[in-house]
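Participant: Chains as they are written, first to last, in the working numbering: chain S, 1 to 359; chain A, 1001 to 1250. Even glycine gets a Cβ: it sits at the ideal position worked out from N, Cα and C. These numbers come from a predicted model, not from an experiment.
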Ligand SMILES: Cc1ncc(C[n+]2csc(CCOP(=O)(O)OP(=O)(O)O)c2C)c(N)n1
Ligand code: SF4
Ligand SMILES: [Mg+2]
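1) Is residue 1093 (chain A) close to ligand 3? I mean its beta-carbon at under 7 Å from any heavy atom of the ligand.
2) What are the start and end residues of each continuous beta strand (DSSP E) run of 3 or more residues lying completely inside the region 75–160 of chain S, in chain order?
3) Quick one: what does DSSP say residue 1183 (chain A) is sitting in, helix, strand or coil?
4) Between the C-alpha atoms of residue 185 (chain S) and residue 16 (chain S), what's the straight-line distance to the nearest angstrom?
5) Give the residues of chain S in contact with residue 1107 (chain A), contact being defined as C-beta atoms less than 8 Å apart.
6) Taking just the CA atoms, how far does residue 183 (chain S) sit from residue 3 (chain S)?
7) Quick test of your reading: residue 352 (chain S) and residue 271 (chain S), contact by CB under 8 Å. State the CB separation rounded to the nearest angstrom.
8) Sort out for me which residues DSSP pairs residue 1173 (chain A) with in a bridge.
9) Identify the continuous beta strand (DSSP E) that holds residue 1015 (chain A) and give its terminal residues.
10) Extract the residue ranges of the alpha helix (DSSP H) inside the region 7–81 of chain S, only unbroken runs of 4 or more that lie entirely within it.
11) Quick check on residue 1056 (chain A) - is its C-beta less than 8 Å from some C-beta in chain S?
12) Identify the contact partners of residue 26 (chain S) in chain A, using a Cβ-Cβ distance below 7 Å as the criterion.
13) Quick one: is the Cβ of residue 1049 (chain A) within less than 7 Å of any heavy atom of ligand 1?
14) Please identify, using Cβ separations under 9 Å, the residues of the region 80–112 of chain S that lie next to chain A, in order along the chain.
15) Would you mind sorting residue 170 (chain S) into buried or exposed? The rule is 16 or more other CB atoms within 10 Å of its CB.
16) When the cut-off is 8 Å and only beta carbons count, does residue 191 (chain S) lie next to chain A?
17) Thinking just about the alpha-carbon of each residue, which of S:100, S:316, S:63, S:57 is nearest to the one in residue 167 (chain S)?
18) Considering just the uninterrupted stretch of the alpha helix (DSSP H) at residue 292 (chain S), what are its terminal residues?
19) What is the DSSP secondary structure of residue 1110 (chain A), reduced to helix, strand or coil?
20) Need the endpoints of the alpha helix (DSSP H) that residue 1235 (chain A) sits in, please.
21) With a threshold of 8 Å between beta carbons, is residue 1064 (chain A) in contact with chain S?
22) CA-CA distance, residue 330 (chain S) and residue 296 (chain S)?
23) Put residue 169 (chain S) into one of helix, strand or coil per three-state DSSP.
24) Note down, in chain order, every chain A residue with its Cβ under 8 Å from the Cβ of residue 67 (chain S).
25) List the whole-angstrom C-beta distance separating residue 121 (chain S) from residue 80 (chain S), where the pair is believed to meet the contact cut-off of C-beta under 8 Å.
26) Under 8 Å by Cβ, that's how I've got residue 1156 (chain A) and residue 1203 (chain A) pegged, so tell me the actual separation to the nearest angstrom.
27) With respect to 7 Å, is the separation between the Cβ of residue 1124 (chain A) and the closest non-hydrogen atom of ligand 3 below this value?
28) What first and last residue would you give for the beta strand (DSSP E) that runs through residue 1065 (chain A)?
29) Output, in sequence order along the chain, the residues in the region 116–146 of chain S whose CB is closer than 7 Å to any CB in chain A.
30) Checking 8 Å against the spacing of the C-beta atoms, do residue 1063 (chain A) and residue 1012 (chain A) come in under that value?
31) So, for residue 21 (chain S): in the same chain, excluding its five sequence neighbours on each side, which residues have a beta-carbon less than 8 Å away from its beta-carbon?
32) What does the alpha-carbon distance come out to for the pair residue 10 (chain S) and residue 94 (chain S)?
33) Below 8 Å, can you find three or more Cβ-Cβ pairs linking the region 1235–1249 of chain A to the region 1050–1057 of chain A?
34) At least one CB of chain S closer than 8 Å to the CB of residue 1061 (chain A): is that the case?
35) Can you list, in chain order, the residues of its chain whose CB lies under 7 Å from that of residue 218 (chain S), leaving out five sequence neighbours each side?
36) Following the continuous alpha helix (DSSP H) through residue 194 (chain S), name the residue where it begins and the one where it ends.
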């Protein structure tokens, strides 16, 4: 067993990304993700990696586009206002079928908002954000360990589907310290394999292979009939991702549940405390915690709504965004109630308990 | 029989989509010929802009990326940093480079990225149908400056070479003209020099082409050349601004 180290989420995910074979990172500073960019600045040069502090988030995501186009693992990170700037590049990455890992350490918004944890970017992450028909794979961690583990998963999913992947974290997970156990570093052989896995399509001319000299990285199809086929193909890829990659955690789910909570990320962490306290007091509440918020685990929610369950409570650190997906899953069968907190304020377990017990 | 003129290997056999008499074709050819002559094609990766030359990714016969409008220098940075053993160039218009992509070009130049940037200055937005560019001349009429560019209202044209020349990192900066056969011969030498420096990993190299857009200027190609000589060259003087390979080439 590897040893556990106490680390901030922002640093843990950076370390995990490097272990996953990420040697290229481009970003622009912003609170509350600064530990991440600073960790990369410190460590990447020591492992023959490339760190560039870009002039803006727009530039950073376009550096990612260029690097990914050459077939290498590459990452960027930011917090909400900076993620908005990355949306142009994210749409181009998706359109060009390029893998990349983007981390959003969310803070309060809209606008400049504040620098406290929030979940107000759920819509942006899961429903578009950039222009055009595309999907981002979106992973939502709820502990520092999971945040770190998701770096590896995000790179693997990105490479598997040639699609950008976002880790939708927040200021609490970024800043808090928890013990983390890391996977080992990739071996030289593994790194070589990663490096070569995209040679059939990526830009990387090879002198020994003089026929390889015209790979295009592109999202432009000026002929509508060609673009139509391109987007239909993207759609098929998204269908496949929906079929294969839904992830969720069931917490305290049982036949005894009177209420089911649905929450992701930091909100789910707090909800767990509420559920534990209620269980000790003899009230059975279960929780579905989506781990992929796109693709969304609708069936997972539907499947736990047996006759005893009187209502579903959705807790989010926003005005109510994921609750729309939960309503789609529940489909009017039983009431769906919402508890939200905004402005970077967290709810307490008591507030969640009150909402659950509310008749 | 000896072949004295043929399509450079670094161009595909696709027909250019440019208007008759447009200088985009000439600048493509100069870059491609230089790539051939320097034997760089098998290590070359290019970035196409958004503008009339958006299909440059189809025309250059090497690995190519199509960038978002103005972002080519950032995309090129990512490519070069990811594959430092390759050569990277961008090809950009004036709207692309000197308006929406101003931050990207200045910072790529300021970092001294080991890339070559080819900048096509035709003083107009060609692709979108002739709107005012950051390089549109004072008094010049375009579809969004229908009464002529009023420099008191919207400022003077941006001189990209002069602007970049204020930075320390760039290795080579030169403005050339495509307005006469003699100018084109001179321009070819400059393009080749820039790519030679690129091949030798000397640093950031930048070549501006004073170009024409007969279609959106509403002129016959020859008239456009004459007009540009008279009106553009005074504002965009042809000269070397920086050549670190020679003594005093600051
Ligand atoms: C973000 C964005 N804004 C605007 C456009 C529309 N657009 C396409 S090309 C162009 C101007 C190109 O002009 P220039 O760079 O001078 O190239 P030219 O066509 O003159 O060669 C504009 C505004 C776009 N494609 N993307
Ligand atoms: S519109 Fe102007 S710049 Fe564009 S291809 Fe035609 S002549 Fe060339
Ligand atoms: Mg132009």
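Facilitator: The short version:
1) Yes.
2) Here the runs fully enclosed are 75–78, 100–106, 137–139.
3) The three-state reading of DSSP puts residue 1183 (chain A) in helix, counting H, G and I together.
4) The straight-line gap from Cα to Cα measures roughly 9 Å.
5) Ordered by position in chain S, the residues that pass the 8 Å Cβ test against residue 1107 (chain A) are 54, 55, 59.
6) For residue 3 (chain S) and residue 183 (chain S), the distance between alpha carbons rounds to 10 Å.
7) 5 Å between Cβ atoms; contact.
8) Per DSSP, the beta bridge partners of residue 1173 (chain A) are A:1206, A:1242.
9) The continuous stretches of beta strand (DSSP E) do not include residue 1015 (chain A), and DSSP gives it neither H nor E.
10) 9–19, 34–43, 57–69, all fully within the region 7–81 of chain S.
11) No, no contact with chain S.
12) Here the neighbours are 1078.
13) Yes, Cβ of residue 1049 (chain A) sits closer than 7 Å to a heavy atom of ligand 1.
14) Those residues of the region 80–112 of chain S that come within reach of chain A (Cβ to Cβ, closer than 9 Å) are 88, 89, 91, 92, 96.
15) So residue 170 (chain S) ends up on the buried side.
16) Using a Cβ-Cβ cut-off of 8 Å, residue 191 (chain S) does not count as an interface residue toward chain A, since no Cβ of chain A sits closer than that to its own.
17) Of the residues S:100, S:316, S:63, S:57, the one whose Cα lies closest to the Cα of residue 167 (chain S) is S:100.
18) First-last for residue 292 (chain S): 292–294, but that is the beta strand (DSSP E), not the alpha helix (DSSP H).
19) If DSSP states are grouped into helix, strand and coil, residue 1110 (chain A) belongs with the helices.
20) Residue 1235 (chain A) -> alpha helix (DSSP H) spans 1221–1235.
21) Yes, its Cβ sits closer than 8 Å to a Cβ of chain S.
22) Their backbone Cα atoms lie some 13 Å apart in a straight line.
23) If DSSP states are grouped into helix, strand and coil, residue 169 (chain S) belongs with the strands.
24) Neighbours of residue 67 (chain S) on chain A, chain order: 1078, 1079, 1081, 1082.
25) About 5 Å separates the beta carbon of residue 121 (chain S) from that of residue 80 (chain S), a gap short enough to meet the 8 Å contact definition.
26) Taking C-beta atoms under 8 Å as the contact rule, residue 1156 (chain A) and residue 1203 (chain A) fail to qualify, at a distance of about 29 Å.
27) Yes, ligand 3 has a heavy atom inside 7 Å of this Cβ.
28) Taken as a continuous stretch (DSSP letters only), the beta strand (DSSP E) holding residue 1065 (chain A) covers 1063–1066.
29) Within the region 116–146 of chain S, no residue qualifies.
30) The criterion of a C-beta distance shorter than 8 Å is not satisfied by residue 1063 (chain A) and residue 1012 (chain A).
31) A distance below 8 Å between beta-carbons, with the five flanking residues on each side excluded, links residue 21 (chain S) to the following residues of its chain, in chain order: 73, 155, 186, 190, 191, 194.
32) Computed Cα separation, rounded: 25 Å.
33) Result no; under three Cβ-Cβ pairs closer than 8 Å.
34) Yes, contact with chain S.
35) Correct list, in chain order: 96.
36) Note, residue 194 (chain S): alpha helix (DSSP H), 188–196.
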